[in-house]
Amino acid sequence: MRITGLLLCGWLLSASCLAAIDPALLKPLAAEDSDAKIAAIVALAQATPEEALPVLKAFSDNSLAVVGERVVIVDGERVLDASSNVEIRPAPAAIETIGINNRVRRELSAALAALRLFSSERSVRWQAAQEVTLSAEVKMLPLLDKALAAESDPEIRTRLQLAHAQASLGSTDAAVRHAAVRTLGESSSPKVRQLLIPLTEKRGDNWVEPDSAVRAAAGTSIRSIEQRLAWADNLGRAFTGLSLGSILLLAALGLAITYGVMGVINMAHGELLMVGAYSAWAMQSVFRAYFPAALDWYLLAAIPVGFLAAALVGVLMERIVIRHLYGRPLETLLATWGISLFLMQVARTLFGAQNVEVANPVWMAGGIEVLPNLLLPWNRIIIVAFSIAVLVAMWAILNLSRLGMFVRAVTQNRPMAGCVGVPTGRIDTLAFGLGAGVAGLGGVALSQIANVGPDMGQGYIVDSFMVVVLGGVGQLAGAVWAALGLGVFTKFLEGWTGAVVAKIVVLVFIIIFIQKRPQGLFALKGRFVES
Amino acid sequence: MVRRNFMKTVSAVAVTAAFGLGSLSALAAETIKVGILHSLSGTMAISETALKETALMTIADINKHGGVLGKKLEPVVVDPASNWPLFAEKARQLLSKDKVAVVFGCWTSVSRKSVLPVFKELNGLLFYPVQYEGEELEKNVFYTGAAPNQQAIPAVEYLMSKDGGEAKRFVLLGTDYVYPRTTNKILRAFLKSKGVADADIMEEYTPFGHSDYQTIIAKIKKFSSEGKKTAVVSTINGDSNVPFYKELGNAGLKATDVPVIAFSVGEEELRGVDAKPLVGHLAAWNYFMSLKNPENEKFVKMYKDWAKQNKLPNAGTVVTNDPMEATFVGIHMWKQAVEKAKSTDVDKVIAAMAGQTFNAPSGYTLKMDETNHHLWKPVFIGEIKADGQFDVVWKTKGPIRAQPWSPFIAGNDKKKDAPEGK
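Those protein sequence lines, which keep their order, are chains A and B. One point on numbering: in this note's numbering, the residue at position 11 of the first sequence is 11, and numbering is uninterrupted. Residues are numbered in this note's numbering as their position in the second sequence, beginning at 1, plus a constant of 531.
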């Protein structure tokens, strides 16, 4: 009877087929006290499992409410009676949402996961098995037994067996516990280790785990889990280093051209990053206003816009100011510093002194779980990939294109390049524009992880110069190695000393390094090096 | 031609300016000048700009209802740009050049410490609207934000309670300056008194404006997996909160596993963040925008109207928060005290402030303590909802008295609960 009913209705979908829930079971959900709420959730889930699901789901989404005495589900504009799932018309006015806190939320997700273990869809069961593993307790054993008996998918079975082992840890039978501890040794989740550690500890004079064989097995299991965890930890740390390195590289790459290759000490470099970041914000605003459906893709449009906007600013800077100051580094430094102040003030006047909000597109939110304790956020992965792409493009332009050849020719030997007909003035402008444009790209990327405001460039100018000087002036490869090295070095140091001390140590290291090796990691060799 | 036009414009502007100045000085006799000292740029602008707007709104509202002692209030706004020494300079300018009767301002404790000597030297009056670490009691300052026992201690007590998740291990995370350092010192002593071992407390600091929280989040994850229930107490200030919460959301650290309770994050700071992955994380304050009472409805509506009238950025989505409420309460209490003293003289106003009460948007009648210059405040703990608002999950029965000298710091039991020289 029940099975045919289920077949007819499908699972969870057609609410009208479900029997009504006794309102007396629903009412205690609205209790003031969390203990009473939790008791009500458990009672409801046991009494009418299928019917309870939509109610509990609404509860965990914060859309369960009370109208007078009646418990209702708020679904957008509609208000449904929770016991019969029938829409109430007209929608009542005085709706009071039932508040939940973290403790109730935890109970709810456990109850929901337990109910979903019997869903007909594999993905739902898979998800549920994962959630059950987080909260398995001895009182859930009968439920897990039932689920294991019904489950045929091998992957989900493995998960459930882990959950089952976890729940069996609380069993009174030493043999059951022993088997459970050994099964758990297969896990690589920090949660499991957390469960096993108490088994090897003493409380007062007595062992928490009375059976010595179980204790020994627990010790072995913990060690094997820890090995896997340590591996993932180091992998995670290396990734954060790589991610910081890619950000440093994006910030410094533009400078590697303007300063590294052309020799212009550009103090306004940070502001070129800012121009790029504001372009991302501007594109977001444009998409919000005109193409709200495609809002998630504003970032793709921001890439060319950021490049062009910053390149334009760079070309203007070069044409108006910098070209008159070639070969006079001190004056260039002062002039570009002035430009930096000017650009900041322009941004402040145009967009306000406050930071502007640049949201991550949906496809950049969240992350992929590589291992149970290693989750790589999407925005970091995408930025690493983006910096590699920019780097490859830069390398190709400098080494494969005609413009790149001219740029290299002019920087290596200006008079000779002029003699063979290279328009050195125009090449300077284009090269500077290219460097500025790349800085703009860096700004677009930075807008996704840092705050976008008029002074944002100030925070990156020191880092950028650090990377270029450390890498060796005049080289792209130097900048790449310096950025990666600094990123990984800073991150491993941060893990060990904390962020404040790490910053100091890195700066001290740079000072010592530059004293010992002023030419940087990679020095240009050959006769064209200016003395 | 162009040049001539330009000259015309310049002279026109100059004439207007001259007239403007003339009319201002004529008015000066009939107005009371009020200083507003909040960072409108730099790392703290995210938090402080809204306080400037609240102060201007409250002053405009008071003026609309007849002003103070029959005179209009005239706000003087300066921008100390999140630059601590500049705070002192601007404060001196407000007190000695503009001759303001009172200053409403500062957010970070380091800025307050920077202006204190100026207020003491020139006998000025400062209303400080933000929760802070205590350990200070000055005759020239009224503290309308919370002391540690009105925010930090109840928050940690909640985390240790059954509903808060019975946390046994704590990460104390903050920006590196006096407020987080002192608060964490107090919290460490408090946790010790509750039997939490030193090994179960991790303290981490980041510089102002820090934007890469990957390592710290990874550390928190690791720390929380070493056994026992863990909670994070965040005293991160300013725009670092945006990258911190972004990283927290992306790293999948859920509130049901490791709740984060923040003391400097309110509705305003969450505007720049997608709040959906943050549901369930907590904040402790003495006011939330979501509180339901008639005073709060009036306050929220007043601010929304103000934002629309003045075309503030994103006027459609403006929010109110705790320090804004404290600013609002502070200005009204100062007005009441001036009316009681029948003068704006600093010493007379300070005397009249004792015992002032005000029906605040938090839904309680708040009282300025008779002796210790701090406000009695109720404490609320809220969980972040998907729309960036807070759902109150715990509150005190009523306003509680501030303890600026925390009993958890050695030697404080001998300190007097009233400012020196009063």
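Cβ coordinates follow ideal geometry from the N, Cα and C atoms, glycine included. Here the structure is a predicted model, which means the values were calculated and not measured.
With distances taken from CA atoms, which of the options is nearest residue i?
i: Ala-576 of chain B; options: B:Tyr-708, B:Lys-898, B:Asp-770 and B:Tyr-818; result: B:Asp-770
i: Lys-583 of chain B; options: B:Glu-620, B:Trp-638, B:Lys-595 and B:Tyr-744; result: B:Trp-638
i: Ser-893 of chain B; options: B:Glu-901, B:Pro-854 and B:Val-877; result: B:Pro-854
i: Tyr-659 of chain B; options: B:Ala-678, B:Lys-807 and B:Leu-653; result: B:Ala-678
i: Ile-767 of chain B; options: B:Lys-760, B:Ala-782 and B:Ile-747; result: B:Ile-747
i: Leu-626 of chain B; options: B:Val-661, B:Lys-564, B:Leu-571 and B:Val-599; result: B:Lys-564
i: Lys-750 of chain B; options: A:Gly-219, A:Pro-210 and A:Ala-232; result: A:Ala-232
i: Thr-183 of chain A; options: A:Glu-201, A:Ile-225 and A:Asp-153; result: A:Ile-225
i: Asp-918 of chain B; options: B:Pro-935, B:Trp-816, B:Val-810 and B:Glu-826; result: B:Val-810
i: Glu-51 of chain A; options: A:Ser-63, A:Ile-383, A:Ala-82 and A:Ala-24; result: A:Ala-82
i: Gln-127 of chain A; options: A:Met-140, A:Pro-142 and A:Ser-109; result: A:Ser-109
i: Leu-334 of chain A; options: A:Lys-146, A:Asn-266 and A:Ala-385; result: A:Asn-266
i: Ile-514 of chain A; options: A:Gly-472, A:Arg-328, A:Arg-106 and A:Arg-89; result: A:Gly-472
i: Ile-222 of chain A; options: A:Gly-204, A:Tyr-259 and A:Leu-199; result: A:Leu-199
i: Ala-302 of chain A; options: A:Ala-277, A:Leu-325 and A:Phe-59; result: A:Ala-277
i: Val-607 of chain B; options: B:Ile-590, B:Trp-615 and B:Val-599; result: B:Ile-590
i: Arg-517 of chain A; options: A:Pro-372, A:Ala-477 and A:Leu-470; result: A:Leu-470
i: Ala-310 of chain A; options: A:Leu-117, A:Pro-23 and A:Gly-443; result: A:Gly-443
i: Arg-932 of chain B; options: B:Val-709, B:Val-599 and B:Asn-680; result: B:Asn-680
Cutting at 7 Å between CB atoms, please list the residues of its own chain near residue i, excluding the five before and the five after it.
i: Ala-175 of chain A; result: none
i: Lys-947 of chain B; result: none
i: Val-305 of chain A; result: Ser-279 and Met-283
i: Gly-404 of chain A; result: Ile-397 and Leu-398
i: Ile-511 of chain A; result: none
i: Glu-96 of chain A; result: Ala-65 and Val-66
i: Val-468 of chain A; result: Ala-252, Leu-255, Ala-256, Tyr-259, Gly-260 and Ala-479
i: Arg-159 of chain A; result: Ala-129, Gln-130 and Thr-133
i: Pro-950 of chain B; result: Leu-668, Glu-669, Lys-670 and His-904
State the CB to CB distance for the pair residue i and residue j, rounded to an integer number of angstroms; the pair is presumed to be in contact (CB under 8 Å).
i: Leu-668 of chain B; j: His-904 of chain B; result: 6 Å
i: Ala-761 of chain B; j: Val-831 of chain B; result: The residue asked about is misnamed: residue 761 of chain B is Thr in this sequence, not Ala. In fact, because the Cβ distance is near 35 Å, the residues do not count as touching under 8 Å.
i: Ser-168 of chain A; j: Ala-180 of chain A; result: 4 Å
i: Val-631 of chain B; j: Gly-566 of chain B; result: 4 Å
i: Gly-437 of chain A; j: Leu-316 of chain A; result: That belief does not hold up - the Cβ atoms of Gly-437 of chain A and Leu-316 of chain A are roughly 13 Å apart, past 8 Å.
i: Gly-485 of chain A; j: Arg-237 of chain A; result: Contact flag wrong, Cβ pair sits at about 15 Å.
i: Leu-604 of chain B; j: Thr-562 of chain B; result: 7 Å
i: Asp-805 of chain B; j: Ala-289 of chain A; result: Asp-805 of chain B to Ala-289 of chain A, Cβ: 20 Å. No contact.
i: Trp-395 of chain A; j: Leu-476 of chain A; result: 6 Å
i: Ala-782 of chain B; j: Leu-229 of chain A; result: Not quite, the Cβ-Cβ distance comes to about 16 Å (not below 8 Å), so this is no contact.
So does residue i have its beta carbon nearer than 8 Å to some heavy atom of the ligand NAD?
i: Ala-815 of chain B; result: Questions concerning the ligand NAD fall outside what the structure shown contains, since it holds no ligand whatsoever.
Tell me which residues share the same chain as residue i and place their Cβ nearer than 6 Å to its Cβ, disregarding the 5 neighbours each side in the sequence.
i: Ala-872 of chain B; result: Lys-879, Val-880 and Ala-883
i: Gln-887 of chain B; result: Met-864, Gln-867, Ala-868 and Met-899
i: Leu-299 of chain A; result: Pro-361
i: Arg-157 of chain A; result: Glu-151
i: Gly-487 of chain A; result: Gly-241, Leu-244, Gly-245 and Leu-248
i: Glu-87 of chain A; result: Arg-78 and Leu-80
For residue i, I'd like the list of residues in its chain whose CB is within less than 8 Å of its CB, leaving aside the five on either flank, ordered along the chain.
i: Phe-650 of chain B; result: Ala-622, Leu-626, Val-634, Leu-656, Leu-657, Glu-669, Asn-671 and Val-672
i: Phe-754 of chain B; result: Arg-700, Val-702, Met-733 and Thr-761
i: Val-505 of chain A; result: Leu-493 and Thr-497
i: Ser-556 of chain B; result: Per-residue confidence for Ser-556 of chain B stands at a pLDDT of 44, beneath the threshold of 50, marking its modelled position as unreliable; no derived number is given.
i: Gln-354 of chain A; result: Gly-453
**Study point:** Selection of the region 562-573 of chain B by Cβ proximity to chain A, strictly under 7 Å
**Key:** Leu-571, Ser-572 and Gly-573
Review point. Quick one, which residues of the region 373-404 of chain A are near chain B if we go by CB-CB under 8 Å, in chain order?
Key: Asn-373, Leu-375, Pro-377, Trp-378, Asn-379 and Arg-380
Practice item. May I have a chain-ordered list of the alpha helix (DSSP H) segments no shorter than 4 residues that lie completely inside the region 44-97 of chain A? Key: 49-60
Point to revise | Residues, ordered as in the chain, of the region 727-742 of chain B that lie near chain A by beta-carbon distance below 8 Å | key: Glu-735, Tyr-736, Thr-737, Pro-738, Gly-740, His-741 and Ser-742
Point to revise | Contained alpha helix (DSSP H) runs [length at least 4] in the region 821-851 of chain B, N- to C-terminal order | key: Segments of the alpha helix (DSSP H) lying fully in the region 821-851 of chain B: 825-840.
Check your understanding: Residue ranges of each alpha helix (DSSP H) run of no fewer than 4 residues wholly in the region 112-193 of chain A, ordered along the chain?
Key -> 122-135, 141-150, 154-168 and 174-184
**Study point:** Cβ-based contacts, 8 Å cut-off: residues of the region 239-250 of chain A near chain B
**Key:** Thr-240, Ser-243, Leu-244 and Ile-247
Point to revise | Contained beta strand (DSSP E) runs [length at least 3] in the region 394-429 of chain A, N- to C-terminal order | key: none
Review point. For the region 18-51 of chain A, which residues have a CB atom closer than 7 Å to at least one CB atom of chain B, in sequence order?
Key: Ser-34
Review point. Any residues in the region 179-203 of chain A with a beta carbon nearer than 8 Å to a beta carbon of chain B? Which ones, in chain order?
Key: For the region 179-203 of chain A, residues whose beta-carbon sits nearer than 8 Å to a beta-carbon of chain B comprise Pro-190, Lys-191, Arg-193, Gln-194, Ile-197 and Pro-198.
Review point. Just by C-beta distance, which residues in the region 488-508 of chain A are closer than 7 Å to chain B?
Key: Residues Lys-491, Glu-494, Gly-495, Gly-498, Ala-499, Val-500 and Lys-503.
Practice item. Quick one: which unbroken alpha helix (DSSP H) runs of 4-plus residues sit fully inside the region 686-733 of chain B? Chain order, please. Key: 709-724
Exercise for review: Counting only runs of 3+ residues fully inside the region 552-632 of chain B, write out the beta strand (DSSP E) ranges in chain order.
Suggested key: 562-568 and 603-609
Review point. Of all the alpha helix (DSSP H) runs that stay within the bounds of the region 755-800 of chain B, which reach a length of 4 or more residues?
Key: 772-781
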